[in-house]
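Colleague: Numbering (mature numbering (1 follows the signal peptide of the UniProt record, and there is no 0)), first residue to last: -26 to -1, 1 to 411.
Using N, Cα and C, we set each Cβ at its ideal position, and we do this for glycine too.
Please read through the structure below; I'll follow up with questions.
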């Protein structure tokens, strides 16, 4: 991703009114004009202007609407993100400095830069590093809040996973990837017939203009009411199965260049453009399974970490010296009721089923090797790797993938509904020059 495009994406999550502008002018006390009131927060005209300037400097002008429309889209985006940040504050969701620093390090690396080089690039673009950190912080806070709020709404049954897993195996066409752009024309939950007819006419007009060759990106930036509007509607590459079902049904046989819609959903009317397609060839996957055994010593008020660790060190010395077998030591000392009577044997399992502390130690062992004392969330362990094997994990991988695809699909649908609810429950008063007529 080019840095300029990245900056636009990050700027879209800027909740102005909470952050300082990108630049300030040394002048006598200037009273900021308020563009909108969002519950108890405000969005300033300067906030909109700053984002407008950044977007226009980093985006092909042919894909942007006029300034009035663009300002309305920016304001709508700032209102939504202001509402999410208010929800975050109410729920006491936080992102610490280390998490922000790590995120910036990843962004710099993805752009082939060090953090210092990224800071220099930002300076050249007239963006202070402190403001940039604040943007990243808010972007992460928004995503965490969205996940916390939307995830509990999602229910996935075993039957759904089984059905999609079977479809992925039996219907290769369902492995299709699509690169799409999207326009959403919002329709209120309890819309009147006139409101619905107006939305349908608007959607059909947009489709007609797109089919005649008008820039879809510009149409999205002008009319769309979703998160992708200021990206020209670009949703990037998606697995067909992770898109809403109503999209999948229309996209499965759609060729590149197709304009599809309007598609009605609970949040409005959708228009899709197929920018590209690709099909994934069937694959087979192998997974590594490990046969291991362990001795567990739990900690409590009387048994501290130090005591547990020392006890396991003593047991390990007895085993390695030949004074006692691992099996006998496990039966005599292990506090894991599920494996102690079997000499600590855990049987064949994928490493990822274990606690992270246990797993990280296990995967580093050689066959027959006994670990040093290892701490997990259950206590302290001695671990011995007995053997490893490669097994056909194609079905397990497909089940994991099916679950993720279903989750992503449902998350996308529920997130749209959640945003509408946030806006519906909020006091929003647009007071500035972008007030709708």
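#1: The beta strand (DSSP E) with residue 287 in it runs from where to where?
#2: Assuming residue 383 and residue 218 make a contact with CB atoms under 8 Å, what is their CB distance in whole Å?
#3: When DSSP labels each residue in this structure, what does residue 325 get in the three-state scheme?
#4: Is residue 68 helix, strand or coil when you go by DSSP?
#5: DSSP beta-bridge partners for residue 260?
#6: Thinking C-beta only, is residue 359 closer than 8 Å to residue 342?
#7: Compare the beta carbon distance of residue 234 and residue 228 with 8 Å and say whether it is the shorter of the two.
#8: DSSP three-state call for residue 386: helix, strand or coil?
#9: Is the number of C-beta pairs between the segment 256 to 267 and the segment 167 to 174 that are closer than 8 Å three or more?
#10: According to DSSP, which residues form a beta bridge with residue 210?
#11: State the beta-bridge partners of residue 238 as determined by DSSP.
#12: Can you give me the Cβ contacts of residue 340 inside the same chain, cut-off strictly under 8 Å, excluding the 5 residues immediately before and after it?
#13: Grab the span of the beta strand (DSSP E) containing residue 112 for me, first residue to last.
#14: What residue from 272, 210 and 385 has the CA that sits closest to residue 351's CA?
#15: Where does residue 273 fall in DSSP's three states?
#16: DSSP state of residue 161, grouped into three classes?
#17: How many angstroms separate the CA atom of residue 45 from the CA atom of residue 142?
#18: Does DSSP put residue 253 in a helix, a strand or coil?
#19: In this structure, what does DSSP give as the bridge partners for residue 354?
#20: Is it right to say residue 322 is buried, meaning 16 or more other beta carbons lie within 10 angstroms of its own, or is it exposed?
#21: Using a threshold of 8 Å, state whether the C-beta atoms of residue 84 and residue 15 are closer than that.
#22: Assess contact between the segment 209 to 218 and the segment 21 to 40, defined as three or more Cβ pairs (one per stretch) separated by less than 8 Å. Is contact present?
#23: May I have the straight-line CA-CA distance separating residue 124 from residue 385, to the nearest angstrom?
#24: Under the three-state reduction of DSSP, which class applies to residue 16: helix, strand or coil?
#25: Along the chain, where does the alpha helix (DSSP H) containing residue 402 start, and where does it finish?
#26: Among the candidates 291, 72, 118 and 29, whose CA atom is the shortest distance from the CA of residue 65?
#27: Keeping to the same chain, check which residues put their C-beta closer than 6 Å to that of residue 390; ignore five residues upstream and five downstream.
#28: Can you look up residue 361 in the DSSP assignment and give me helix, strand or coil?
#29: Taking the straight line between their C-alpha atoms, what separation do you get for residue 190 and residue 333?
#30: Where do the N-terminal and C-terminal ends of the alpha helix (DSSP H) with residue 223 fall, by residue?
#31: Per DSSP, residue 344 forms a beta bridge with which residues?
#32: Can residue 184 and residue 193 be called in contact, C-beta distance under 8 Å?
#33: Can you tell me the Cβ-Cβ gap for residue 413 and residue 335, rounded? I've got them flagged as a contact below 8 Å.
#34: Measure the CB-CB distance between residue 278 and residue 150 and report whether it falls below 8 Å.
#35: Quick one: what does DSSP say residue 130 is sitting in, helix, strand or coil?
#36: Between the Cα of residue 52 and the Cα atoms of 33, 112, 78 and 31, which residue gives the shortest distance?
Modeller: For this structure:
#1: Taking the first residue of the chain shown as 1, we reach residue 287 at position 313. Where residue 287 is concerned, there is no enclosing beta strand (DSSP E), although the alpha helix (DSSP H) it sits in stretches over 279 to 294.
#2: Residue mapping note: residue 383 aligns to position 409 of the chain shown, counting from 1. Residue mapping note: residue 218 aligns to position 244 of the chain shown, counting from 1. Between residue 218 and residue 383 the Cβ distance is about 6 Å, and since that is below 8 Å, they are a contact.
#3: Here residue 325 corresponds to residue number 351 of the chain shown, with the count starting at 1. Residue 325 falls in the helix class under three-state DSSP.
#4: Reading the chain shown from its first residue, position 94 is the one you call residue 68. In this structure, residue 68 counts as coil in the three-state DSSP scheme.
#5: Position 286 of the chain shown, counting from 1, holds the residue named residue 260. Partner(s): 366.
#6: On the chain shown, residue 342 is found 368 positions in, with the first residue counted as 1. On the chain shown, residue 359 is found 385 positions in, with the first residue counted as 1. Contact: yes.
#7: Against the chain shown, residue 234 aligns to sequence position 260. Against the chain shown, residue 228 aligns to sequence position 254. Contact: yes.
#8: Counted from its first residue, the chain shown places residue 386 at position 412. Residue state, collapsed to three classes: helix.
#9: no
#10: For this step, residue 210 is matched to residue 236 along the chain shown. Note: residue 210 sits in a beta bridge opposite 154.
#11: Counted from its first residue, the chain shown places residue 238 at position 264. Paired residues: 243.
#12: Residue mapping note: residue 340 aligns to position 366 of the chain shown, counting from 1. Cβ neighbours of residue 340 beyond the five flanking positions: 359.
#13: For the purposes of this step, residue 112 is taken as the residue at position 138 of the chain shown. Counting along the chain, residue 112 falls outside any beta strand (DSSP E), though it belongs to the alpha helix (DSSP H) covering 103 to 124.
#14: By 1-based counting over the chain shown, the position of residue 351 is 377. It is 272 whose Cα lies nearest to the Cα of residue 351.
#15: In the chain shown, the residue the question calls residue 273 occupies position 299. Residue state, collapsed to three classes: coil.
#16: Numbered from its first residue, the chain shown carries residue 161 at position 187. Here residue 161 sits in coil by DSSP.
#17: Position 71 of the chain shown, counted from the first residue, corresponds to residue 45. Position 168 of the chain shown, counted from the first residue, corresponds to residue 142. The alpha-carbon atoms of residue 45 and residue 142 are separated by roughly 43 Å.
#18: Numbered from 1 along the chain shown, position 279 holds the residue referred to as residue 253. Of the three classes helix, strand and coil, the one that applies to residue 253 here is strand, per DSSP.
#19: Residue mapping note: residue 354 aligns to position 380 of the chain shown, counting from 1. Its beta-bridge partners are 271 and 349.
#20: Stepping through the chain shown from its first residue, residue 322 is reached at position 348. Exposed is the call here.
#21: Sequence index remark: in the chain shown, residue 84 carries index 110 (1-based). Sequence index remark: in the chain shown, residue 15 carries index 41 (1-based). The answer is no: Cβ separation not under 8 Å.
#22: no
#23: As a working mapping, residue 124 is identified with position 150 in the chain shown. As a working mapping, residue 385 is identified with position 411 in the chain shown. If I take the Cα positions, the gap works out to 7 Å.
#24: In the chain shown, counting from the first residue as 1, residue 16 sits at position 42. Correct three-state label for residue 16: strand.
#25: Position 428 of the chain shown, counted from the first residue, corresponds to residue 402. Careful: residue 402 lies outside any alpha helix (DSSP H), inside the beta strand (DSSP E) at 402 to 404.
#26: Numbered from 1 along the chain shown, position 91 holds the residue referred to as residue 65. If we check each option's Cα against that of residue 65, 118 comes out closest.
#27: In the chain shown, counting from the first residue as 1, residue 390 sits at position 416. Within the same chain, residue 390 has close Cβ partners 241.
#28: Locating residue 361 in the chain shown gives position 387, counting from the first residue. Reduced to three states, the DSSP call for residue 361 is strand.
#29: Translated into positions along the chain shown, residue 190 becomes position 216. Translated into positions along the chain shown, residue 333 becomes position 359. Roughly 49 Å between the two C-alpha positions.
#30: As a position in the chain shown, residue 223 is number 249, starting the count at 1. First-last of the alpha helix (DSSP H) with residue 223: 219 to 225.
#31: The count along the chain shown starts at 1 and reaches residue 344 at position 370. According to DSSP, residue 344 bridges with 358.
#32: Counting from 1 along the chain shown, the entry for residue 184 is found at position 210. Counting from 1 along the chain shown, the entry for residue 193 is found at position 219. Result yes, Cβ atoms of residue 184 and residue 193 sit closer than 8 Å.
#33: Within the shown structure, residues of the chain are numbered from -26 to 411, placing residue 413 beyond reach of any answer.
#34: For this step, residue 278 is matched to residue 304 along the chain shown. For this step, residue 150 is matched to residue 176 along the chain shown. No, these two residues do not count as a Cβ contact at 8 Å.
#35: Working through the chain shown from its first residue, we reach residue 130 at position 156. Three-state DSSP puts residue 130 in coil, outside helix and strand.
#36: Sequence index remark: in the chain shown, residue 52 carries index 78 (1-based). The option with the nearest alpha carbon to residue 52 is 112.
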